[in-house]
Amino acid sequence: MTTHPSPTRTSSPPGDAVVEITDLRKSFGSVEVLTNITTAISQGEVVCVIGPSGSGKSTLLRCINLLEQPTGGTVLVDGIDVTDPDCDIDRVRSRMGMVFQQFNLFSHLTVLDNCTVAQQVVHRRDKSQAEQVARSNLEKVGLADRADAFPAQLSGGQQQRVAIARALSMEPDLMLFDEPTSALDPELVGDVLAVMRRLASEGMTMIVVTHEMAFAREVADRVIFMDGGVIVEEGHPDRVIGDPQHHRTRTFLKRVLDPTHVDPDADVEPGDDRRAQIKEAELSARGEPRVSSDMRDQRF
Amino acid sequence: MTSPAAAGRVRRLSPRKRAQRVRWVQYAVLVVAVVVLVSVADLPQIQKVFFRGDLIVDTLTQGLGRALFNTVAYALGAFVLGLVLGTILALMRLSSVGPYRWIATVYIEFFRGLPAIIVLLAFGLLPLAFPGLEIPFGIYGTVWSALGIVAAAYMAETIRAGIQAVPKGQVEAARSLGMPAGAATRKIVLPQAFRIVTPPLTNELILVVKDSSLAYIIGLSSTSFDLTKYGRDLANTNANLTPLVIAGLCYLLITLPLTFAVRRMEAKTARAR
Ligand SMILES: Nc1ncnc2c1ncn2[C@@H]1O[C@H](COP(=O)(O)OP(=O)(O)OP(=O)(O)O)[C@@H](O)[C@H]1O
Ligand SMILES: [Mg+2]
């Protein structure tokens, strides 16, 4: 077997946009979840997407690899329009890895087979070649010794790292992460973030939906704050997280960074507040300080 | 506990004591029943009707092996055919193409509603109705097709439920890696679905084993006798039930290990989960 060179990117030389989203719209029935999203992610860039629950972050990611069919607009990946019915979506998908909140490891396959099955089908690699690639990626996420385990025998943090290795085994140009640490016990979050940090430092282009503000500040080249299906503000993390310009961003960040905080303007934007409450509930479910829920009881 | 009502209840039995007495009564009834049965029953007569020594030897030696083989062959072939056809039907039921869904639904409802014996008779008569038509593998092919077609209708619904029980995230993960829909179904969804439906499919296999006793209806020659037909013929000629008892035990010989194997398999997958 010959080695498979990654597809040449004629349309996007280094530094150029890997993903170009123009006027993206997505509705579920009559509910518009994404409204005219326009942005671009360039080669090697790490973009963190933050925002309250229900703001459309997952939907945005899922429109990029067409797990959701956009209602309008275009999404170019490596210059290929994924919304074009003629595009070979499987081929485009094989160039972008996706990591899910719930890991979604193939439960009937071992860790190693999880990382080889798609390589064999999509890249037509033979078994030994696929296993070699898989093992080197498992090594990278620190799980080379668990290659023969089944997913159910691993902790959540280990499962998520296998999911990352599985995606990397396709040798993608772009990685999409949808709240990769949100389903993890707090003490397991660090290992996963460490793997992602290393990936970022190696120059991988990444779009990360996350609630880990410290991670976003440290690793992201750019932060996108979404609310109500639109990009409210985007820019360098020091600006968006450190010195947010928009009222909605400030409200959201206060909630996330300090769950005990009571927003004096809460009644001004009840919609915002409602979503923040949901987020609070999520945070307390994850073992964050539970004071907030007590306070909610007092306030309502 | 110190209230008057509670004090009044002390005289009555505690729940545990009550349960104990009920158990004693149950044992007593059982012992009495056994004693009565044994004293009433004519044991030598029972032995002569159900377990006659010379007939046991006859039944074992005259062709039991062949009949046992036939039953297993009929059942296994029908099951495999039913499994393949049932899987195709289940996928058709879940197809996004309307006509496929309708065809599968009509098939399933049709063959679930018919007695298997009618389908068997129909298949037995097909070569008469269509001169020149020959079902491959002779009598075996006829039984396999008829029972397999009926079993497929039942299995299709089971397999469909299994496919739908596979979490949506599994398909999404497979597709996000670039696997085409067909490959995702074959490599990810179906293996997990079959794991989920192994217990109900075993039930189906056991039913097919028993349904194979209907094969006699298409008129078998002695070499193609199944267990029931074999046992029945011997029982009739001897006016004695011993051959049937042996045949019955042979069915258990087939089905019990099956049940046991599946239970072990289930325990193993439960551990892997
Ligand atoms: N398949 C669907 N059908 C109908 N509505 C949906 C569907 N998927 C998402 N939505 C709705 O779209 C909106 C945005 O959902 P999305 O999952 O993108 O939000 P999110 O920002 O990822 O939130 P979270 O932080 O809770 O994950 C929500 O109001 C949600 O209810
Ligand atoms: Mg989400």
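Chains A and B supply the protein sequences, listed in that same order.
Residue 1 is where the first sequence starts when you use my numbering, and the numbers rise one by one after that.
Residue 1001 is where the second sequence starts when you use my numbering, and the numbers rise one by one after that.
Even glycine gets a Cβ: it sits at the ideal position worked out from N, Cα and C.
In chain order, what residues have a CB nearer than 7 Å to some heavy atom of ligand 2? Residues with their Cβ less than 7 Å from any non-hydrogen atom of ligand 2, running along the chain, are K57(A), S58(A), Q101(A), D178(A), E179(A) and V209(A).
Report the residue from D148(A), F103(A) and R166(A) whose alpha carbon sits nearest the alpha carbon of S182(A). When only C-alpha atoms are compared, the closest one is F103(A).
To be precise: take each residue of the stretch 1161-1189 of chain B, compare its Cβ to all Cβ atoms of chain A, and keep it if any distance is under 8 Å. Which residues remain? Only those residues of the stretch 1161-1189 of chain B whose C-beta falls short of 8 Å from the nearest C-beta of chain A are listed: P1167, G1169, Q1170, E1172, A1173, A1174, R1175, S1176, L1177, G1178, M1179, P1180, A1183, K1187 and I1188.
Let's see if you can read the secondary structure: which residues bound the alpha helix (DSSP H) around A1181(B)? Annotation for A1181(B): the continuous alpha helix (DSSP H) segment containing it runs A1181 to A1184.
Just to make sure I have the definition right: I need the residues of chain B whose C-beta is within less than 8 Å of the C-beta of A118(A). Which are they? Result: A1174, L1177, G1178 and M1179.
What residue does the alpha helix (DSSP H) around V1043(B) start on, and which one ends it? Sequence check: residue 1043(B) is Leu here, not Val. Where L1043(B) is concerned, the enclosing alpha helix (DSSP H) stretches over L1043 to F1050.
In whole angstroms, what is the alpha-carbon distance linking I224(A) and L138(A)? Per the coordinates, the alpha-carbon of I224(A) lies some 30 Å from the alpha-carbon of L138(A).
To the nearest whole angstrom, what separates the beta carbons of T1071(B) and S1212(B), a pair I think is in contact under 8 Å? Taking a contact as a CB-CB distance under 8 Å, the pair T1071(B) and S1212(B) counts as one, their CB atoms being some 5 Å apart.
Would you tell me roughly how many angstroms separate the C-alpha atoms of H236(A) and T1198(B), rounded to the nearest one? Those two C-alpha atoms are separated by around 54 Å.
Is V75(A) near ligand 1, with its Cβ less than 8 Å from a heavy atom? Checking the 8 Å criterion, the Cβ of V75(A) is out of range of every heavy atom belonging to ligand 1.
Beta-carbon proximity list for G44(A), same chain, < 7 Å, skipping 5 on both sides: If you ignore the 5 residues before and after G44(A), its C-beta comes within less than 7 Å of the C-beta of G203 and T205, all in its own chain and listed in chain order.
Nearest to G1086(B) (by Cα), restricted to the options I1103(B), S1096(B), A1247(B) and F1130(B): Looking at the Cα atoms, I1103(B) is the closest of the given residues.
Could one say the Cβ of P1199(B) lies closer than 9 Å to chain E's Cβ atoms, at least one of them? Judged by its chain identifiers, the structure shown contains no chain E, and its protein chains are A and B.
Starting from D23(A), trace the beta strand (DSSP E) in both directions and tell me its first and last residue. Per DSSP, D23(A) belongs to the beta strand (DSSP E) from A17 to F28.
One question on the structure: do S94(A) and M170(A) come within less than 9 Å of each other, judged by their Cβ atoms? Closer than 9 Å, so yes.
Identified DSSP bridge partners for D331(A): What is shown of chain A runs 1 to 300, which leaves residue 331(A) out entirely.
Check for me: the beta strand (DSSP E) holding F177(A) runs from which residue to which? Taken as a continuous stretch (DSSP letters only), the beta strand (DSSP E) holding F177(A) covers L174 to D178.
Since D78(A) meets chain B, which of its residues come closer than 7 Å, beta carbon to beta carbon? What D78(A) touches in chain B: nothing, since even the nearest Cβ is about 13 Å away.
Does the beta carbon of V99(A) fall short of 8 Å from some heavy atom of ligand 1? For V99(A), the Cβ stays outside the 8 Å cut-off from all heavy atoms of ligand 1.
Helix, strand or coil for T1087(B) per DSSP? If DSSP states are grouped into helix, strand and coil, T1087(B) belongs with the helices.
Are V230(A) and T35(A) close, meaning C-beta to C-beta below 9 Å? In contact: V230(A) and T35(A) (Cβ atoms closer than 9 Å).
I need the straight-line Cα distance from I1254(B) to A1247(B), nearest angstrom please. In this structure, the CA atom of I1254(B) is about 11 Å from the CA atom of A1247(B).
Residues in its own chain within less than 8 Å of R1175(B) by CB, not counting five upstream and five downstream? Closer than 8 Å at Cβ, skipping near neighbours: A1181 and A1184.
In chain order, what residues of the same chain lie with their CB nearer than 7 Å to the CB of R274(A), ignoring the 5 residues before and after it? Residue confidence for R274(A) is low, a pLDDT of 45 falling below 50, so the modelled location carries little weight and cannot support an answer.
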